[in-house]
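The structure appears below as structure tokens.
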Amino acid sequence: MTTIALHPHKLQGQVCIPPSKSMAHRAIICASLARGRSVIKNIEYSKDIEATISAMKELGTMIFKHDDYLEIDGTTTFMKNQCEFDCQESGSTLRFMIPISIVGEANVHFVGKGRLGQRPLDIYYKIFDQQNISYLYRENVLDLYIRGHLSAGVFEIPGDVSSQFISGLLFALPLMDRDSRIIMTSPLQSKGYIDLTLQMLRQYGVFVINNDYKELLIPGNQMYKPCDYEVEGDFSQAAFYMVAGALGNQVVMEGLNLASKQGDREVIDILKRMGCQLIENDKGYQIVPHILSATHIDGKDCPDIIPVIALACALSKGTSVIKNIERLRIKECDRLEATVEVINQLGGSARVDNECMVIEGVEYLQGGNVSSYNDHRMAMMEAIASTICQENVIIDHKECVQKSYPSFWECFESLGGEYDEF
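When the count follows my numbering, it moves up by one through the sequence shown with no breaks and lands on 419 for the last residue.
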């Protein structure tokens, strides 16, 4: 564990936004399920992506890693029916792989680290009970055994739980011998993540009928088709630099697709409502700051950007309210409480009110000692906060950014960010 002191210093320069972790997970899975060779370009080997690569290799896929791209041959997928999957701390890997791992008769074991074992899997347990699939697990620790196979059918799933359950089923059900239906029993949140899954399925030759996100019809007996794919830039990571721009830093971002279906693209609209502009030049995109105004934010489709958006709210004029963020409590840490705590420790004014975040804007942040909670998104938010604080910001677990953005500290320094380790 490395503790660092981040010095107040404005960022300036150009940064290439890392590839979308959400899209990379999906591309690796779809290419692995295809019969033939695919190449996936623009890969960054974060711990989460490594977990998905390892999981698909465990199933029998041949994956060859190069510096920034993968060669994948999925012809041997499902040859193995007895596997152990180490999901590390990747919720996406866990929830995507559970249905995939039991497409055929299987005896599988899932393990992981950190808070991953505390993330609910009740949606799958209910399906297992309905389909007589055997399973055994321990509370609060990821140690899950599953024996049996998934069958086609009708799956009723609440729309206000993690979309990862729905995506996991969408990957597996096209391979069933019959058609299936997923019915939302409540309005769907995180539609953007479902859009990403449907987009990637189409990319690899698999089709799903979407009835206004209330029902998804999945024809059986489909085959994934190999293809080459380049992963686009990640808006959840770009959000840190966009908020940095809103706070007076000058960061030009390259590698973004403004037509992306990523839900975290919402960061642009939020910052525009707060008074910022997004401008384009020959090098990329940049957020131009203005006097920030408070706003109301619905976080249901963009939970990953909430900690850094809350930082922008903390320095806005007026009172901001962020709603529909209950799921922040079951991330790598309780990000709802953690974000409020960090803002207050830095000299801001925030509170939790009826599962909403209420933030009273202040003129400046002081700085001080805060925890990263060993959570990559909290650490990166705190790094951006340090650029506009009066004093140093001291954080622990510098290494936690490896989960999603291994090169973050290198990029931070390249833009003029300063810190000391001790």
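C-beta: ideal position from N, C-alpha, C; glycine also.
Determine the direct distance from the alpha carbon of Gly414 to that of Ile319, and round the result to whole angstroms.
On the sequence shown, position 322 is the one that residue 319 refers to. On the sequence shown, position 417 is the one that residue 414 refers to. Answer to the nearest angstrom: the Cα atoms are 29 Å apart.
N-terminal and C-terminal residue of the beta strand (DSSP E) that Asn341 is part of:
Reading the sequence shown from its first residue, position 344 is the one you call residue 341. Per DSSP, Asn341 belongs to no beta strand (DSSP E); it is in the alpha helix (DSSP H), Arg332 to Gln342.
Taking the CB atoms as reference points, tell me whether Phe405 and Met377 lie closer together than 7 Å.
In the sequence shown, the residue the question calls residue 405 occupies position 408. In the sequence shown, the residue the question calls residue 377 occupies position 380. Yes.
So the beta strand (DSSP E) Gln200 belongs to, where does it begin and stop?
Locating residue 200 in the sequence shown gives position 203, where the first residue counts as 1. No beta strand (DSSP E) holds Gln200; the alpha helix (DSSP H) holding it covers Lys188 to Gln200.
Which runs of the beta strand (DSSP E) spanning at least 3 residues fall entirely within the segment 232 to 316, listed in chain order?
247 to 251, 274 to 278, 281 to 285 and 293 to 295
Is Ile50 helix, strand or coil when you go by DSSP?
Counted from its first residue, the sequence shown places residue 50 at position 53. Helix at Ile50.
Using 7 Å as the limit for Cβ to Cβ distance, is Cys310 near chain B?
Of the protein chains in the structure, only one exists, and it is not chain B.
Chain-order list of residues whose beta-carbon lies under 6 Å from that of His106 (same chain, five-residue window excluded)
For the purposes of this step, residue 106 is taken as residue 109 along the sequence shown, with counting starting at 1. Glu81 and Tyr142.
Ordered along the chain, which non-local residues of its own chain (more than five positions away) have a Cβ less than 6 Å from that of Lys211?
Position 214 of the sequence shown, counting from 1, holds the residue named residue 211. Excluding sequence neighbours, Lys211 sits near Met181.
Pick out the complete alpha helix (DSSP H) segments inside the segment 28 to 102, 4 residues or longer, and give them in chain order.
44 to 56 and 88 to 98
Secondary structure at Met173, three-state DSSP: helix, strand or coil?
In the sequence shown, the residue the question calls residue 173 occupies position 176. Met173 falls in the coil class under three-state DSSP.
Do Ser17 and Glu229 have their beta-carbon atoms positioned less than 7 Å apart in this structure?
Along the sequence shown, one-based indexing puts residue 229 at 232. Along the sequence shown, one-based indexing puts residue 17 at 20. Yes, these two residues count as a Cβ contact at 7 Å.
Selection from Leu185, Gly252 and Arg144 that minimises the alpha carbon distance to Asn321:
As a position in the sequence shown, residue 321 is number 324, starting the count at 1. That would be Leu185, whose Cα lies nearest to the Cα of Asn321.
Taking Cβ to Cβ, would you say Ile46 is nearer than 7 Å to Ile60?
Numbered from its first residue, the sequence shown carries residue 46 at position 49. Numbered from its first residue, the sequence shown carries residue 60 at position 63. It is not a contact, given that the beta carbons lie outside the stated cut-off.
For Lys297, count neighbouring C-beta atoms within 10 Å of its own C-beta (all shown protein chains included) and say buried if the count is 16 or more, exposed if not.
Walking along the sequence shown from the start, residue 297 turns up at place 300. It counts as buried.
Residue burial classification, Val138 (beta-carbon count within 10 angstroms, cutoff 16)
Walking along the sequence shown from the start, residue 138 turns up at place 141. Exposed.
Buried or exposed: which applies to Lys312, given that a residue is buried once 16 or more other Cβ atoms fall within 10 Å of its Cβ?
In the sequence shown, counting from the first residue as 1, residue 312 sits at position 315. Per the sequence presented here, residue 312 reads as Leu, with Lys not at that position. Buried, by the Cβ-count rule.
Quick check on the DSSP output: the beta strand (DSSP E) that includes Arg135 runs from which residue to which?
Here residue 135 refers to the residue found at position 138 when the sequence shown is read from its first residue. Note, Arg135: beta strand (DSSP E), Ser131 to Arg135.
Hey, could you find the ends of the alpha helix (DSSP H) Gln127 is sitting in?
Taking the sequence shown and counting its residues from 1, one reaches residue 127 at position 130. Gln127 -> alpha helix (DSSP H) spans Asp119 to Gln127.
For Asp140, which of His293, Thr316, Cys84 and Ile265 has the nearest alpha-carbon?
Reading the sequence shown from its first residue, position 143 is the one you call residue 140. Closest by alpha carbon: Cys84.
Please identify the residue among Val100, Gly109 and Gly101 whose C-alpha is closest to the C-alpha of Leu91.
Looking up residue 91 in the sequence shown gives position 94. Taking only the C-alpha atoms, the option nearest Leu91 is Gly109.
Any contact between the segment 378 to 394 and the segment 329 to 344? By contact I mean 3 or more CB pairs, one from each, below 8 Å.
yes
Relative to the alpha-carbon of Ile391, which residue among Arg374, Val398, Leu412 and Ser369 has its alpha-carbon at the smallest distance?
Here residue 391 is taken as the residue at index 394 of the sequence shown, counted from 1. It is Ser369 whose Cα lies nearest to the Cα of Ile391.
Rounded to the nearest angstrom, what separates Thr316 and Val264 at their Cα positions?
Sequence index remark: in the sequence shown, residue 316 carries index 319 (1-based). Sequence index remark: in the sequence shown, residue 264 carries index 267 (1-based). Near 18 Å, if we compare the C-alpha coordinates of Val264 and Thr316.
Reduced DSSP category for Ile381 - H, G, I as helix; E, B as strand; rest coil:
Here residue 381 refers to the residue found at position 384 when the sequence shown is read from its first residue. Looking at Ile381 - three-state DSSP - the assignment turns out to be helix.
Take Ile294 as the anchor and find which of Glu277, Leu275 and Arg270 has the nearest alpha-carbon.
Position 297 of the sequence shown, counted from the start, is the residue given in the question as residue 294. The option with the nearest alpha carbon to Ile294 is Arg270.
Range covered by the beta strand (DSSP E) that runs through Phe152
Here residue 152 is taken as the residue at index 155 of the sequence shown, counted from 1. Residues Val151 to Ile154.
Sequence-distant residues of the same chain with beta carbon closer than 6 Å to Cys310, five excluded per side
Locating residue 310 in the sequence shown gives position 313, where the first residue counts as 1. Ser317 and Ile356.
Gly71 versus Gln161 - alpha carbon distance:
If you number the sequence shown from 1, residue 71 lands on position 74. If you number the sequence shown from 1, residue 161 lands on position 164. Gly71 and Gln161: Cα-Cα distance of roughly 22 Å.
DSSP state of Glu229 mapped onto helix, strand, coil:
If you number the sequence shown from 1, residue 229 lands on position 232. Looking at Glu229 - three-state DSSP - the assignment turns out to be coil, as it is neither helix nor strand.
Is it buried or exposed for Gln259, if we count other Cβ within 10 angstroms and need 16 for buried?
For the purposes of this step, residue 259 is taken as the residue at position 262 of the sequence shown. The residue in question, Gln259, is buried, as its Cβ has 16 or more Cβ neighbours within 10 Å.
In the DSSP assignment, what are the bridge partners of Asn104?
Walking along the sequence shown from the start, residue 104 turns up at place 107. According to DSSP, which records beta bridges pairwise, Asn104 is partnered with Gln79 and Arg144.
Could you pull out every residue in the same chain whose Cβ sits closer than 7 Å to the Cβ of Ile124, ignoring the five residues on either side in sequence?
Counting from 1 along the sequence shown, the entry for residue 124 is found at position 127. So the qualifying residues of the chain are Phe152.
List the whole-angstrom C-beta distance separating Gln19 from Leu193, where the pair is believed to meet the contact cut-off of C-beta under 8 Å.
In the sequence shown, residue 19 corresponds to position 22, counting from 1. In the sequence shown, residue 193 corresponds to position 196, counting from 1. Looking at the sequence shown, residue 19 is not Gln but Ser. Right, the Cβ-Cβ distance comes to about 6 Å (below 8 Å), so this counts as a contact.
Candidates Arg348, Val349 and Glu388, of which the one nearest Gly365 by Cα:
Working through the sequence shown from its first residue, we reach residue 365 at position 368. Measuring from the Cα of Gly365, the nearest candidate turns out to be Glu388.
Alpha carbon of Leu275 to alpha carbon of Pro117, nearest angstrom:
For the purposes of this step, residue 275 is taken as the residue at position 278 of the sequence shown. For the purposes of this step, residue 117 is taken as the residue at position 120 of the sequence shown. In a straight line, the C-alpha of Leu275 is about 38 Å away from that of Pro117.
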